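Colleague:
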Amino acid sequence: MRKYIIIWGTVITIAGLTACVQKLPKPETVNTVSEATTATLPAITESDATPEITSPKKSNKEYSSEKGLPMLYINGQLYRLLRKQGEPMGDSDCADGYILSSVNPEEVPSEHGQSNFGSEGNPYCLEEEHGELVAMVADEWLRFTAVNLIAQPVNEDLLTSDLALLGADGIELNYADSERFVFHSYAGLFQYEKSNGNWELKQSLDLKPLEANATQGDPYTYIRADRDTAFISPKCHAPDHEIPVTFRYLFAEGKLELAGRYQDYADSVLVWSYSEEAMSIRQKICDKLDLNGLWISNLYPIAEMNSNVYGFIVVGSEGQKSIRYGLYWSDLDQIELESVKAQRELHE
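And the structure:
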């Protein structure tokens, strides 16, 4: 399924960056979505989208690092399991400290010397210059890496051209309804909201500090979202990334959390948006708009309206300030495009 999404994502991006010059084959009917297709498009809810951390009972001897996500809090820094390590680098007898206390496996440690995997009294060795440490867990050394949970907004002053916003692979529309939409590109993650009849940028997240800005290849990052939350899984299928994780970003709070280990999850709405049916409808929009060099995103079904209304984004040569949000009513063959405010407005 991962390869299917990546391959189709690449295909649709190439088509978009050439401004829909190449025509996709059209089926006999492109104005309606079949009932069978509609039935496979459930809304993502936080309960079924949040990666579940399945953790064993806390035990120094029986803890399995294959379950849950071991974490350790040392000197004000949270560390999470990175990979197995035969022994500490350098002196294998070193000990910079010892695990002092523990919390339940599903909790996040928050006090110095605290873990969520037990092992009280076991040593750890810091390698702060690399942002890592090794710790003794269930009689084996495991390597941990520092977790960056500082949510940094995107520097919007740099998004003045289509290339700066789109990069090589364009935009992926991750969620859309009549009042809110979410998309990401290599430039970052963005949430827009309609306020007093105008679309305004409400939140943005720089993906580079999370190493989550790759949109293709081995370091590809899988992102899914609903209207309130985004789930970001950097390098989730990279062969050299032994233990991929998922971050949870809460738009309202502008807060970044570590959700747990990456759980392979197929977003059926996003899968549909790269299907032959969706691409055919998208091509019809391209033809109707006569984009003339503009870039158009994937489609996203607007479930709250009806099964035949689709959201999409159009981007011009001036980058962020040229973004427009579109709705297409396939039954009526009508398109509505609205301008989007480029800069985030701060409200006291």
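For the sequence shown, the numbering used here begins at 9 and goes up steadily by one.
Cβ coordinates follow ideal geometry from the N, Cα and C atoms, glycine included.
Being a predicted model, the structure only gives us computed values, none of them experimental.
1) Please state if the CB of Leu-181 and the CB of Leu-173 are separated by a distance shorter than 8 angstroms.
2) Check this for me: beta carbons of Val-322 and Ile-304, under 8 angstroms apart or not?
3) If we ignore side chains and look at the alpha-carbon of each, how far apart do Leu-89 and Tyr-257 end up?
4) What separation, rounded to the nearest whole angstrom, lies between the Cα atoms of Asn-204 and Pro-117?
5) Return the CA-CA distance between Thr-229 and Arg-91, expressed in angstroms with no decimal places.
6) Consult DSSP for Leu-258 and reduce its assignment to one of helix, strand or coil.
7) Tell me whether Ala-238 sits in a helix, a strand or coil according to DSSP, three-state version.
8) What residue ranges within the stretch 250 to 309 form continuous beta strand (DSSP E) runs of no fewer than 3 residues, ordered along the chain?
9) Have a look at the DSSP bridge pairing and note the partners of Tyr-87.
10) Between the beta-carbon of Asn-130 and the beta-carbon of Val-145, is there less than 8 angstroms?
11) For the stretch 213 to 221 and the stretch 342 to 350, state whether three or more C-beta atom pairs, one from each stretch, are separated by less than 8 angstroms.
12) Return the bridge partner residues of Cys-133 from the DSSP annotation.
13) Taking Phe-191 as the reference, which of Glu-326, Asp-339, Leu-302, Gly-319 has the closest Cα?
14) In chain order, what are the residue ranges of uninterrupted beta strand (DSSP E) at least 3 long that sit wholly in the stretch 157 to 200?
15) My output table needs one value for Gly-324: the three-state DSSP class, helix, strand or coil.
16) Could you tell me the boundaries of the beta strand (DSSP E) in which Ile-343 lies?
17) Under a three-way DSSP split, which group does Ser-315 fall into?
18) Between the beta-carbon of Ser-288 and the beta-carbon of Asn-306, is there less than 8 angstroms?
19) Kindly give me the distance between the Cβ atoms of Lys-349 and Glu-208, rounded to whole angstroms, as I take these residues to be in contact under 8 angstroms.
20) Can you list, in chain order, the residues of its chain with a C-beta nearer than 7 angstroms to that of Thr-153? Leave out the 5 residues immediately preceding and following it.
21) Could you check how far apart the C-beta atoms of Gln-93 and Val-162 are, in whole angstroms? I think they sit under 8 angstroms.
22) Closest to Leu-134 by CA distance: which of Ser-127, Phe-125, Gly-121 is it?
23) If we ignore side chains and look at the alpha-carbon of each, how far apart do Leu-278 and Tyr-308 end up?
24) Hey, quick one: how far does the beta strand (DSSP E) through Gln-211 stretch, first residue to last?
25) Can you grab the Cα-Cα spacing for the pair Asp-286 / Trp-337, in whole Å?
Modeller: In terms of the structure at hand:
1) To locate residue 173, count along the sequence shown from 1; it is residue 165. To locate residue 181, count along the sequence shown from 1; it is residue 173. It is not a contact, given that the beta carbons lie outside the stated cut-off.
2) Position 314 of the sequence shown, counting from 1, holds the residue named residue 322. Position 296 of the sequence shown, counting from 1, holds the residue named residue 304. Yes, the pair counts as a contact, with Cβ atoms nearer than the cut-off.
3) Within the sequence shown, the letter at position 81 stands for residue 89. Within the sequence shown, the letter at position 249 stands for residue 257. In a straight line, the C-alpha of Leu-89 is about 20 angstroms away from that of Tyr-257.
4) For the purposes of this step, residue 204 is taken as the residue at position 196 of the sequence shown. For the purposes of this step, residue 117 is taken as the residue at position 109 of the sequence shown. One C-alpha to the other measures close to 42 angstroms.
5) Locating residue 229 in the sequence shown gives position 221, where the first residue counts as 1. Locating residue 91 in the sequence shown gives position 83, where the first residue counts as 1. The alpha-carbon atoms of Thr-229 and Arg-91 are separated by roughly 19 angstroms.
6) What you label residue 258 is simply residue 250 of the sequence shown in a count that begins at 1. Here Leu-258 sits in strand by DSSP.
7) Here residue 238 is taken as the residue at index 230 of the sequence shown, counted from 1. DSSP places Ala-238 in strand when its eight states are reduced to three.
8) 253 to 258, 263 to 269
9) Translated into positions along the sequence shown, residue 87 becomes position 79. Beta-bridge pairing links Tyr-87 to Leu-80, Ala-154.
10) As a first step, residue 130 must be located in the sequence shown, where it is residue number 122. As a first step, residue 145 must be located in the sequence shown, where it is residue number 137. Yes, the pair counts as a contact, with Cβ atoms nearer than the cut-off.
11) The stretch 213 to 221, when compared against the stretch 342 to 350, does not touch it at the 8 angstroms Cβ threshold.
12) Position 125 of the sequence shown, counted from the start, is the residue given in the question as residue 133. The partner list for Cys-133 (beta bridge, DSSP) reads Val-142.
13) In the sequence shown, the residue the question calls residue 191 occupies position 183. Measuring from the Cα of Phe-191, the nearest candidate turns out to be Gly-319.
14) 180 to 184, 188 to 193
15) Looking up residue 324 in the sequence shown gives position 316. DSSP places Gly-324 in coil when its eight states are reduced to three.
16) Within the sequence shown, residue 343 is the residue found at index 335, counting from 1. Here the beta strand (DSSP E) through Ile-343 covers 342 to 347.
17) Against the sequence shown, residue 315 aligns to sequence position 307. Correct three-state label for Ser-315: coil.
18) Stepping through the sequence shown from its first residue, residue 288 is reached at position 280. Stepping through the sequence shown from its first residue, residue 306 is reached at position 298. No, the Cβ-Cβ distance between Ser-288 and Asn-306 is not below 8 angstroms.
19) On the sequence shown, residue 349 is found 341 positions in, with the first residue counted as 1. On the sequence shown, residue 208 is found 200 positions in, with the first residue counted as 1. Indeed, because the Cβ distance is near 5 angstroms, the residues count as touching under 8 angstroms.
20) To locate residue 153, count along the sequence shown from 1; it is residue 145. Cβ neighbours of Thr-153 beyond the five flanking positions: Tyr-87, Arg-88, Leu-90, Gly-139, Glu-140.
21) Counting from one through the sequence shown, the residue named residue 93 turns up at place 85. Counting from one through the sequence shown, the residue named residue 162 turns up at place 154. Actually they do not touch by this definition, with Cβ atoms about 35 angstroms apart.
22) By one-based count along the sequence shown, residue 134 stands at place 126. Ranking the options by Cα distance to Leu-134, first place goes to Gly-121.
23) On the sequence shown, position 270 is the one that residue 278 refers to. On the sequence shown, position 300 is the one that residue 308 refers to. Using only the alpha carbons, I get a separation of about 7 angstroms.
24) Within the sequence shown, numbered from 1, the residue matching residue 211 stands at position 203. Looking at the DSSP string, the run of the beta strand (DSSP E) that includes Gln-211 is 206 to 213.
25) Here residue 286 is taken as the residue at index 278 of the sequence shown, counted from 1. Here residue 337 is taken as the residue at index 329 of the sequence shown, counted from 1. According to the sequence shown, residue 286 is Ala rather than Asp. Taking the straight line joining both Cα atoms gives about 13 angstroms.
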